[in-house]
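To start, the structure itself, in structure tokens.
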Ligand SMILES: Cc1cc2nc3c(=O)[nH]c(=O)nc-3n(C[C@H](O)[C@H](O)[C@H](O)COP(=O)(O)OP(=O)(O)OC[C@H]3O[C@@H](n4cnc5c(N)ncnc54)[C@H](O)[C@@H]3O)c2cc1C
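Shown next, in the form of structure tokens:
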């Protein structure tokens with residue numbers, strides 16, 4: 352073996368004299384997609400080996416808030432008093448996660464969602480508490496199990512698609528958001544326990560570098576680095592790639608999703624795009640490489656009570672929608688320029704409201720008695736902000752927002768004193784594009800045919816989100832299509 356470790360090109364099996372490890376199914380990455388693949392492959396009777404780059408299981412998934420996007424009438428939705436159908440779920444996902452969604456994937460995902468809930472809860476033991484969190488926010492501050500996480504109950508979707516909350520979050524007591532005590536841990540712990548109980552083996556500090564193919568072009572193993580030494584791993588049936596996004600690969604982000612440059616968030620440094628590149632070297636097709644999840648770094652309890660304006664002092668989004676939609680609209684459509692215009696009373700109410708993200712309760716930069724003064728201090732052209740506030744207040748007196756459709760309960764005229772929070776450059780996120788895969792998680796060649804022996808799931812693939820996003824879509828499609836990858840590999 353003489354190739355450089357940076358070389359992503361496949362190695363011929365004929366050149367490998369000795370296999371250091373061997374299994375029916377070899378899974379790269381022990382995050383949500385890898386763990387789900389491992390459990391299903393082992394359940395199907397395969398001998399499974401997981402190769403994980405870090406010193407333990409979990410990946411970004413174990414640090415996550417833990418939302419899993421599920422619906423169609425799950426027991427948790429029903430227990431919390433919400434009706435939902437697979438049809439409504441499909442309609443929402445196709446409208447909100449595009450443009451250009453993979454319709455067969457969304458159909459399979461929605462039709463299989465209740466079954467997937469049962470698999471998570473009943474077969475793997477992921478705990479969900481039957482209580483709904485209805486306050487604005489990124490996630491519940493306590494251990495409530497259900498929340499709206501995509502803007503289903505807000506404009507423009509609520510008027511035409513019956514809304515239902517679909518963000519299912521595993522129960523975690525004494526939760527610490529964005530750490531190892533978030534809901535994501537309580538997804539990963541049961542999944543990896545289940546994998547261990549099924550006899551899945553794991554090798555840690557094992558960084559998969561490239562694929563090994565036989566003379567027919569079939570993937571039959573991987574080459575990895577373990578403690579600085581190159582090792583070979585044979586896969587008798589198939590290889591599953593589940594190594595996460597390319598959010599931390601500077602060159603790839605620059606090439607495919609440049610708006611996210613230098614602002615990775617909700618991802619981990621191990622998300623370096625390697626699985627995408629090693630599959631590209633085999634002719635794999637890609638999809639939606641420009642799509643990104645975008646977090647907005649302000650507490651929704653604050654911005655829902657005011658108006659968000661762009662660098663020209665104009666409103667651009669209904670402030671009561673999913674905060675990730677606010678992030679995308681800010682970064683992608685408004686040059687990352689945002690200001691929150693809010694009066695003192697609303698600001699104080701927002702500061703006092705319960706939240707999982709108190710660190711995002713930010714302070715005003717400018718405070719004035721009148722909109723005209725505020726506009727001048729912010730350096731906006733005369734009349735720009737005044738006309739925005741005048742139009743908003745004119746309709747707010749009737750509790751309406753005909754411009755952007757914010758719900759009446761959040762529409763209130765903006766009074767005085769009035770403040771502006773400077774929310775420019777307050778976004779970050781992760782990439783959503785990746786390998787194009789079939790509904791059975793086969794990695795597709797640019798010709799459209801599956802690459803024999805190669806399967807993938809999670810954020811190294813293009814999943815259910817093609818542009819838009821809903822919280823829970825990553826742990827959701829990672830676990831759902833991870834299971835399919837494991838099953839497909841086991842029977843390959
Ligand atoms: C703070 C935070 C909050 C989040 N909240 C949510 C949420 O509520 N809902 C949601 O859906 N998503 C959320 N996300 C995003 C979500 O966690 C990820 O998108 C998801 O975990 C991706 O799944 P994955 O299996 O592809 O990657 P991961 O779960 O990250 O697993 C990938 C694994 O592969 C390993 N790996 C990488 N390269 C290699 C290699 N070459 N060889 C071997 N192993 C390798 C990594 O170390 C990692 O363990 C959040 C993320 C963070 C960090």
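Numbering (the working numbering), first residue to last: 352 to 843.
Using N, Cα and C, we set each Cβ at its ideal position, and we do this for glycine too.
{"Check": "How about residue 492 and residue 707: do their beta carbons lie closer than 7 angstroms?", "Outcome": "yes"}
{"Check": "Pull up the distance between the alpha-carbon of residue 353 and that of residue 622, whole angstroms please.", "Outcome": "Reliability of the predicted coordinates at residue 353 is poor, the pLDDT of 38 falling under 50, and no value is obtained from them."}
{"Check": "Just mark residue 469 as buried or exposed, buried being the case when its beta carbon has 16 or more other beta carbons within 10 Å.", "Outcome": "exposed"}
{"Check": "Among 787, 810, 806, which residue has its Cα nearest to the Cα of residue 799?", "Outcome": "787"}
{"Check": "Out of 594, 629, 442, 609, point me to the one whose CA is closest to residue 618's CA.", "Outcome": "594"}
{"Check": "According to DSSP, is residue 304 helix, strand or coil?", "Outcome": "The requested residue 304 is not part of the displayed model; the chain covers only 352 to 843."}
{"Check": "Over the uninterrupted beta strand (DSSP E) stretch that includes residue 372, give me the two end residues.", "Outcome": "372-379"}
{"Check": "Residues in the same chain with beta-carbon distance under 8 angstroms from residue 805, minus the five sequence neighbours each way, listed in chain order, please.", "Outcome": "562, 570, 589, 590, 592, 630, 633, 635, 793, 794"}
{"Check": "Suppose the cutoff is 7 angstroms on Cβ atoms and the five residues either side in sequence are ignored; what does the same chain contact list for residue 758 look like?", "Outcome": "505, 671"}
{"Check": "What is the rounded straight-line gap between the Cα of residue 927 and the Cα of residue 419?", "Outcome": "This structure gives no information on residue 927, because the portion of the chain shown stretches from 352 to 843."}
{"Check": "I believe residue 383 touches residue 830 by the beta-carbon criterion, under 8 angstroms. Please report the beta-carbon distance rounded to the nearest angstrom.", "Outcome": "5 angstroms"}
{"Check": "Taking 6 angstroms as the cut-off, is the beta-carbon of residue 676 closer than that to any non-hydrogen atom of ligand 1?", "Outcome": "no"}
{"Check": "Once DSSP output is grouped into helix, strand and coil, what is the label at residue 543?", "Outcome": "helix"}
{"Check": "Tell me whether residue 406 counts as near ligand 1, meaning its Cβ is closer than 6 angstroms to at least one heavy atom of that ligand.", "Outcome": "no"}
{"Check": "Under the three-state reduction of DSSP, which class applies to residue 665: helix, strand or coil?", "Outcome": "coil"}
{"Check": "Reducing DSSP to helix, strand and coil, say where residue 420 ends up.", "Outcome": "strand"}
{"Check": "Can you find a heavy atom of ligand 1 that lies under 6 angstroms from the Cβ of residue 621?", "Outcome": "yes"}
{"Check": "DSSP state of residue 844, grouped into three classes?", "Outcome": "For residue 844 there is no data in the structure shown, the boundaries of the chain being 352 and 843."}
{"Check": "Compute the minimum distance between the beta carbon of residue 810 and the heavy atoms of ligand 1, and state whether it is under 6 angstroms.", "Outcome": "yes"}
{"Check": "Going by beta carbon distance, what residues of the same chain come within less than 7 angstroms of residue 674, once the five residues before and after it are set aside?", "Outcome": "489, 647, 651"}
{"Check": "With distances taken between CB atoms, is the gap from residue 395 to residue 838 smaller than 7 angstroms?", "Outcome": "yes"}
{"Check": "Using alpha carbons as the reference points, say which of 546, 663, 638 lies closest to residue 797.", "Outcome": "638"}
{"Check": "Using the three-state DSSP reduction, which class does residue 637 fall into: helix, strand or coil?", "Outcome": "strand"}
{"Check": "State the beta-bridge partners of residue 646 as determined by DSSP.", "Outcome": "779"}
{"Check": "Beta-carbon separation of residue 423 and residue 359 under 7 angstroms?", "Outcome": "no"}
{"Check": "To the nearest angstrom, report how far apart residue 714 and residue 791 are at their CA atoms.", "Outcome": "48 angstroms"}
{"Check": "Three-state secondary structure (DSSP) at residue 825?", "Outcome": "helix"}
{"Check": "Around the Cβ of residue 467, are there at least 16 other Cβ atoms within 10 angstroms (buried) or fewer (exposed)?", "Outcome": "buried"}
{"Check": "So what's residue 651 in DSSP terms, helix, strand or just coil?", "Outcome": "helix"}
{"Check": "Have a look at 494, 451, 533 and flag the residue whose alpha-carbon is nearest the alpha-carbon of residue 417.", "Outcome": "533"}
{"Check": "Could you tell me the alpha carbon to alpha carbon distance between residue 808 and residue 653, rounded to whole angstroms?", "Outcome": "36 angstroms"}
{"Check": "If you draw a straight line from the alpha carbon of residue 587 to that of residue 558, how long is it in whole angstroms?", "Outcome": "20 angstroms"}
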